[in-house]
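A short worksheet on the structure shown next.
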Amino acid sequence: MLNKRFWTSKNLIFTGLVIVLLLILPKIVGILMLFFGAYVIACALNPYVTKLMVKMKNRTAASSLVILSSVLAIIALFIPIVFVAYKEIKTFLITLPEKITDVTNFLLHAEFYGHKIPEMLDPETILGNSSSFAQGLVNQSWSLTVSLFQLLMVSVALTMIVYYILVDKAYLKKKFLQFFPPDLKDKADEILTNISNKVGGYVRAQILSMAAVGVMMAVVLVVFGVEYATLLGLITGILDIVPILGPTIALGIIILVAYPAGLVKIILIIIGFLLVQQISNYVVRPVLFGKLMELHPLMIFLALFLAEQFLGFWGVILSPAIAATICVLIDELYLAPINLKAKESDE
């Protein structure tokens, strides 16, 4: 009897869909993370859209204004990065021939155990390494160009997805609730609202975390007397949202600005930069995300490490929001019913 009830056409179709989903899941993780990221951003912007709707009486117009304001704010924050990078790279390139001449003179005249360095080197090896280095530089430049273009396309797609989620919030919510039977619609609506509120706190926590990193790095640079300390702190804070790559780019820009200060100061600045990153990763972020998203710091650490292993780049960025979603589902679907039954049995 059980076999007949199980081997129905609906169950077979559902089982087949689950198997197919599990097989293709590794290939669509990036797409899923893109849509989840858009959902998180939409949850953070939705309160502002709701407030504007009271005045504008039109959700499409309110959503458009909020999205446009957000994009302009991001562009305004990145303008200083472009300005500093252009100015310092230009200065670096102007002084580069002089630096190359100094290094060349040192290599030509310095002695090592009574032998000059050119006498100890094989010309063919040097030429071969130079050719390999040049080819590698060209390849890296092309890869960087492609990556920047892909990032631009992803940013445009992300903006459009966020826009449509904000505009069609009621429609999308209605369609989502249609997947549940009538007696579970209210519970599903409650869980969805709870998740939206918590993941919306992720964006606020991320902004505060970036601000903390920017302030700490600006203080470090002021202590060491580096020019544009406040601006470089802002750059470091903005780029902190991108794991590994963002801080690396920020450190590169800081070194370009600070290189006239000398090797010792640059080493001290690098140590200060690494210290700021450690404080951010192991103190600031766990506390902020834990408080604003009602997550324990240990859960933040666990989500970060698991996302790094299984979900890649976007997973690391969105790991606190993913953790918040999973925690809400566990609380509402498993822990709450168990505690309710235990309470009823005690009574």
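Per my numbering, the very first residue in the sequence shown carries number 397; after that it's consecutive. Think of the CB as a built atom: it goes at the ideal place given N, C-alpha and C, for glycine as much as any other residue.
- With a minimum length of 4 residues, the unbroken runs of alpha helix (DSSP H) contained wholly in the region 554-611 fall at 565-573.
- In the three-state reduction of the DSSP assignment, Gly-433 falls in the helix class, which pools H, G and I.
- Residue state for Tyr-624 is assigned as coil, using DSSP reduced to three classes.
- Taking Glu-494 as the centre and dropping the five residues before and after it, the same chain places no C-beta closer than 6 Å to its C-beta.
- Sequence-distant partners of Leu-441 (beyond 5 residues in either direction) whose C-beta falls short of 6 Å from its own C-beta, in its chain, are Val-462.
- A Cβ-Cβ distance of about 31 Å is found for the pair Tyr-624 and Pro-716, leaving them out of contact under the 8 Å criterion.
- Asn-735 carries a helical assignment under DSSP once its states are collapsed to helix, strand and coil.
- In the DSSP annotation of this structure, the continuous segment of the alpha helix (DSSP H) that includes Leu-647 starts and ends at 641-654.
- Taking 8 Å as the cut-off, the beta carbon of Met-612 is found no closer than this to the beta carbon of Asp-636.
- For the pair Leu-628 and Leu-617, the CB atoms are nearer than the 8 Å cut-off.
- Taking C-beta atoms as the reference points, Gly-708 and Val-436 fail to come closer than 8 Å.
- Look at Leu-691 here: in three-state DSSP terms it is coil, with no helix or strand label.
- In this chain, Ile-637 is not harboured by any alpha helix (DSSP H), its DSSP state being neither H nor E.
- The residue among Val-563, Lys-583, Val-724, Pro-443 with its C-alpha nearest the C-alpha of Lys-594 is Val-724.
- Secondary structure note for Val-672: its alpha helix (DSSP H) is the uninterrupted segment 659-675.
- With contacts defined by Cβ atoms closer than 8 Å, Lys-581 and Leu-573 form a contacting pair.
- Check the Cα spacing between Lys-569 and each of Met-556, Ile-587, Leu-554: the tightest is with Ile-587.
- When DSSP states are grouped into helix, strand and coil, Lys-453 belongs to the coil group.
- In terms of Cα proximity to Lys-571, the closest of Asp-585, Ala-614, Ser-551 is Asp-585.
- A direct Cα-Cα distance of roughly 33 Å separates Asn-590 from Thr-632.
- Residues Arg-681, Pro-682, Phe-685, Gly-686, Ser-715, Pro-716, Ala-719 of the same chain have their beta carbon placed closer than 8 Å to that of Ile-696, with the five preceding and five following residues left out of the count.
- Excluding sequence positions up to five before and after Leu-562, its CB lies within less than 6 Å of the CB of Ala-438, Val-445, Ser-459, all in the same chain and listed in chain order.
- With fewer than 16 other beta carbons inside 10 angstroms of its own, Leu-729 counts as exposed.
- Rounded to whole angstroms, the separation of the alpha carbons of Ala-457 and Val-712 is 33 Å.
- Gly-658 and Ile-651 have their C-alpha atoms roughly 10 Å apart.
- Between Val-672 and Val-622 the beta-carbon gap is near 14 Å, outside 8 Å, which marks them as no contact.
- By the criterion of a C-beta distance shorter than 6 Å, Leu-473 is surrounded in its chain by Ile-634, once the five residues flanking it on both sides are discounted.
- In the three-state scheme derived from DSSP, where H, G and I count as helix and E and B as strand, Leu-473 is classed as helix.
- Non-local beta-carbon contacts of Asn-735 in its own chain, meaning distances under 7 Å to residues more than five positions away in sequence, are absent.
- Rounded to the nearest whole angstrom, the C-alpha separation of Ser-676 and Thr-626 is 18 Å.
- Assignment of Leu-464 by DSSP, reduced to helix, strand and coil, places it in the helix class.
- Exposed is the label assigned to Pro-733, since fewer than 16 other Cβ atoms lie within 10 Å of its Cβ.
- Counting of Cβ neighbours within 10 angstroms places Gln-602 among the buried residues, the total reaching 16 or more.
- Rounded to the nearest whole angstrom, the C-alpha separation of Leu-413 and Gly-648 is 47 Å.
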